[in-house]
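Note that the UniProt record's numbering has the sequence shown beginning at 1, numbered continuously upward.
Ideal Cβ placement from N, Cα and C applies to all residues, glycine included.
Nothing here was measured: the structure is a model prediction, and the numbers come from that model.
Notes to accompany the following structure.
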Amino acid sequence: MQAQTHTPAAIFGSHIRYVVPLFQRRYVWDQAEQWAPLWDDVRALAEKVLETPSGYGAPPVSPHFLGAIVVDQQSNPSGFIQVRHVIDGQQRLTTLQLLLDAAQEVTEKHGAPLDAETLKVLVLNQPQVTQSPDEVFKVWPTDRDQDAFRAAMTNDSVVTPELATSRIARAHSFFVDQITEWCEPAGDPDKVAARLKALAQALHAHLKLVVIDLEPGDNAQVIFETLNHRGSRLLAADLVKNLLFQTAQIQQLDVASLYKQYWRPLDEDYWRELTAQGRLYRPRIDVFLNYWLVMKLLREVPADRIFIDFRDQVAASRARELPELLAEVAADAAVFSSLDSLPAGSAPARFYYRVIRALDTRSVMPVFLWLMRWSAEELPLEQRDKALNAIESWLVRRTLARLTGKNVNLVVLELLRALDEAGPADAGDRTERFLVEQTADSRLWPRDELIRESLATAPVYTSLVRARVRMLLEALEDDLRTAYGEGQPAPRELTVEHILPQKWRENWPLSPDDLAGAIARDRLLHVLGNLTLVSGGLNPALSNRPWTRDDGKGKRDYLLEHSALKLNAKLVTQHHEAWTEDDIRARTTALTERVLTLWPRPDSPSPADASAVSPEEAGAEPAEAVDEEVDDSSVPSHTGKYRKLWEWLRAQDADEIPLTFEEVEEVLGIPLPPSARLHMPHWYGYEGTALGRAIRDAGWKASMVDLQEQRVTFVPGA
């Protein structure tokens, strides 16, 4: 590898072509970040040349460095133009050519002919030594930019509206406009010529680039990675692409054919658009590769290791099967890009909308991609849909039971490993079985009783983000439509509406003395049974209206006249006169049962496995503790699963012990039962609650239990 500093005259002065390989990314520089700063630097350099005296003994003009480029010389027959492939720096080299040509065009119109010819030598080879028309260009970009480059670099050519929007054409136009404005062609002709001469000299001799020429045996990919390591604006996908096609060149494969068949679609703008991944927004192609690597490697892949893990784990193991690897990536990318246009009403479409978009649980995407990549012969559709429905039910039920979502990614990885080991044929059965067998609190698939318990009093409207509440109600509406024989799903993006208004005191008054009634209403305000869906236009009209009004403009009247939703049809037909607290409770119960049907959970494990799941882990209220023995001594002993907490508390001598629920679990060595995270009585020592008795028998009590913050404070006491 040889590195030397050259001026544009040395780089472009001879007959030569710098060719950007077709698998490199297209031209992406823009005005704010690159064109304008470059022009500012070149203009300042030209003005310095203009101000510096010429002749013997004059002070030198300090050069301006533009950065580095890496080129790889290609073998060519005698008599042909030299060709170098641009390994790195193609954005810089292309921009410099556009600037040089813009300066040549303006100088040809308003400057001295000799200066225009000086610049022309730097942008065009003589036609007499070329084998094809495009060989006159000294830089030749990747195929997606060639039409725009050809049009921009040809003086007086007509740039079509389509090409005019390309970054190549816009960059050329920017430089032409800036140079024209700077030289002031409408002013003194001598001044114009002097300025353009100084610009030509600056561009010809006072810009400098470091040119790294690779020698035979140099590894172009390693050099490319090193130069772009950390801080590079290249996407991880750009590095992956360069690796794959550099390898293809080394293997003497048909690079052009492989690129056009497999990777060219991935260079479209769609793949560079930003999309959400967790709390961050990243280019879609990098997000896809991240999920794809998790699916392939069956482990977590941090976003900053996409290229490294692809290179070290995937490409290294499949270097001899490069076409097959490219075909696999392309096929899975096609699956990924189709997720926004899945057939309405299908299980994959429901899963994508409800789980990926509404629940925003993107950590399941690797297993979703795995299930969607197989043909119907390899993975029967009923098995695929069964797997998707099971995962959806598991996640929705956990959300409604307000269980933690922090370990979903770990469960997904374990499920992926189990599915990958067994193969796709019975993926639905295996997914159901895997999820049913999860008994830890952070993995549990909640049973019906826990969902009933939670939804009976849960303030769904405030405890869930709005998209999840809306999805829940949309799913109930879709289910009702199916029950009535209507296949059309509910419209999306409707508005969640309280039936009993949030400001109920305005038009739904109670007696001023009925404090208990007011408290009861406030507790029921946000539960599932008091929520429905309406169109955005109808929501303000409903507002805080009473249920009925003498003038026929009550909330019921508006719903009856303007809403076609089945959720609201049942409301207006079953509640003619009033909407009461008992109605809210009854509707909550009815909708809860429909939720359980919508997202079913398979039967409990077989009797042989039943001992592995405690009543508390299943969400049920234990009537009697059977896992501990209590003797008659003054300090009860414990041999059950809460013994470690009992022992730990007995060893403490502080005035109070504040702990998070996770810290309590660390003491126990096992997860807390889900009901302990939902109901405060489980922490107190009434008969029948094993956790509360263990705390009491250790000589402590739970004085403050905060279910929202998942914290408890223990204080000494009987």
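- If only complete runs of 4 or more residues are kept, the segment 372 to 428 shows the alpha helix (DSSP H) at 381 to 400 and 408 to 422, in order along the chain.
- Rounded to the nearest whole angstrom, the C-alpha separation of Pro189 and Glu108 is 13 Å.
- Look at Tyr291 here: in three-state DSSP terms it is helix.
- Between Ile11 and Val211, the CB-CB gap stays under 8 Å.
- Judged by pairs of C-beta atoms under 8 Å, the segment 125 to 143 touches the segment 15 to 28, as three or more such pairs exist.
- His562 sits away from Leu533, with the two beta carbons spaced by 8 Å or more.
- Residue pairing from DSSP places Leu124 in a beta bridge opposite Phe137.
- In the DSSP assignment, Thr495 is bridged to Val534.
- With contacts defined as CB atoms closer than 8 Å, Gly529 and Ile584 qualify as a contacting pair.
- By the C-beta criterion, the segment 317 to 324 is judged not to be in contact with the segment 363 to 372, since fewer than 3 inter-stretch pairs fall below 8 Å.
- Rounded to the nearest whole angstrom, the C-alpha separation of Ala694 and Ser703 is 15 Å.
- Around the beta carbon of Asp30, fewer than 16 other beta carbons lie within 10 angstroms, which makes this residue exposed.
- Counted as a single uninterrupted DSSP element, the stretch harbouring Asp213 is not any alpha helix (DSSP H) but the beta strand (DSSP E) occupying residues Leu207 to Leu214.
- An exposed status is given to Gly187, since fewer than 16 other beta-carbon atoms sit within 10 Å of its beta-carbon.
- Each of Phe174, Leu163 and Leu649 was checked against the Cα of Asp40, and the nearest Cα belongs to Phe174.
- DSSP links Thr660 through a beta bridge to Arg711.
- Taking the CA atoms as reference points, Ala690 sits about 19 Å from Leu707.
- By the 16-neighbour rule on beta-carbons within 10 angstroms, Arg523 is exposed.
- The alpha carbon of Leu196 has as its nearest neighbour, out of Val412, Arg677, Leu419 and Lys48, the alpha carbon of Lys48.
- The alpha-carbon separation between Gln82 and Ile16 amounts to approximately 5 Å.
- According to DSSP, residue pairing for Asp706 in a beta bridge involves Arg711.
- Put simply, the segment 640 to 653 touches the segment 663 to 676. At least three CB pairs are less than 8 Å apart.
- When only Cα atoms are considered, Ile499 and Pro546 end up about 9 Å apart.
- Going by beta carbons, Leu371 and Leu203 fall outside the 8 Å limit.
- By the neighbour-count criterion, in which a residue is buried when 16 or more other Cβ atoms sit within 10 angstroms of its Cβ, Gly717 is exposed.
- Judged by DSSP in its simplified three-state form, Val42 adopts helix.
- When only Cα atoms are considered, Leu542 and Arg447 end up about 37 Å apart.
- Taking C-beta separations shorter than 8 Å and ignoring five residues to either side along the sequence, the partners of Leu510 in its chain run Gly517, Ala518 and Arg521, following chain order.
- Judged by DSSP secondary structure, Phe175 falls within the alpha helix (DSSP H) whose first and last residues are Arg167 to Cys183.
- Rounded to the nearest whole angstrom, the CA to CA distance from Val436 to Arg443 is 9 Å.
- Secondary structure of Tyr484 (DSSP, three-state): coil.
- Here His172 is buried, its C-beta having at least 16 other C-beta atoms within 10 Å.
- Judged by their CB atoms, Ile250 and Trp271 are not nearer to each other than the 8 Å cut-off.
- Met471 has its alpha-carbon roughly 10 Å from the corresponding atom of Arg357.
- For His576, no alpha helix (DSSP H) encloses it, and the DSSP letter there is neither H nor E.
- Spanning the alpha carbons of Ile168 and Arg264 requires a straight line of approximately 19 Å.
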